[in-house]
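Heads up, the sequence shown is in full-length UniProt numbering, so the first residue is 1 and it goes up one at a time.
Beta carbons: idealized from backbone N, C-alpha and C, even for Gly.
None of the values given here were measured: they were computed from a predicted structure.
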Amino acid sequence: MSQPVTIPPQVAAHVLFHEGHGGYPAGSFTTKLLAAWTSADDANAARLADAFPAYGAAIALFRRGELARLRAIAESEDPR
């Protein structure tokens, strides 16, 4: 069984910003990473999640529509 992934506030903020829901912009590498993730098929998205688990977890929250939780993390109200 895999361990839960902690999403740091800045990761949540980067994903929110990338998706147009607040947050703040990431640096150039992370911006390009998030853009690649957006166009990745399922297999490549899974590879990205393995390599960048915090971003994978944050993107999963966003895709499940858990914006309030993602915003709470970005504002450091929720440690996960």
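To the nearest angstrom, report how far apart residue 42 and residue 26 are at their CA atoms.
-> If you draw a straight line from the Cα of residue 42 to the Cα of residue 26, it is about 23 Å long.
What do you get for residue 89, buried or exposed, if any count of 16 or more other CB atoms within 10 angstroms of its CB means buried?
-> Outside the displayed span of the chain (1 to 80) sits residue 89, for which this structure offers no information.
Going by C-alpha distance, which of 12, 37 and 38 is nearest residue 24?
-> The shortest CA-to-CA distance from residue 24 to any of 12, 37 and 38 is the one to 12.
Residue burial classification, residue 74 (beta-carbon count within 10 angstroms, cutoff 16) = Counting Cβ neighbours within 10 Å, residue 74 comes out buried, since at least 16 surround it.
If you draw a straight line from the C-alpha of residue 51 to the C-alpha of residue 38, how long is it?
-> Each residue's Cα considered, the two are about 15 Å apart.
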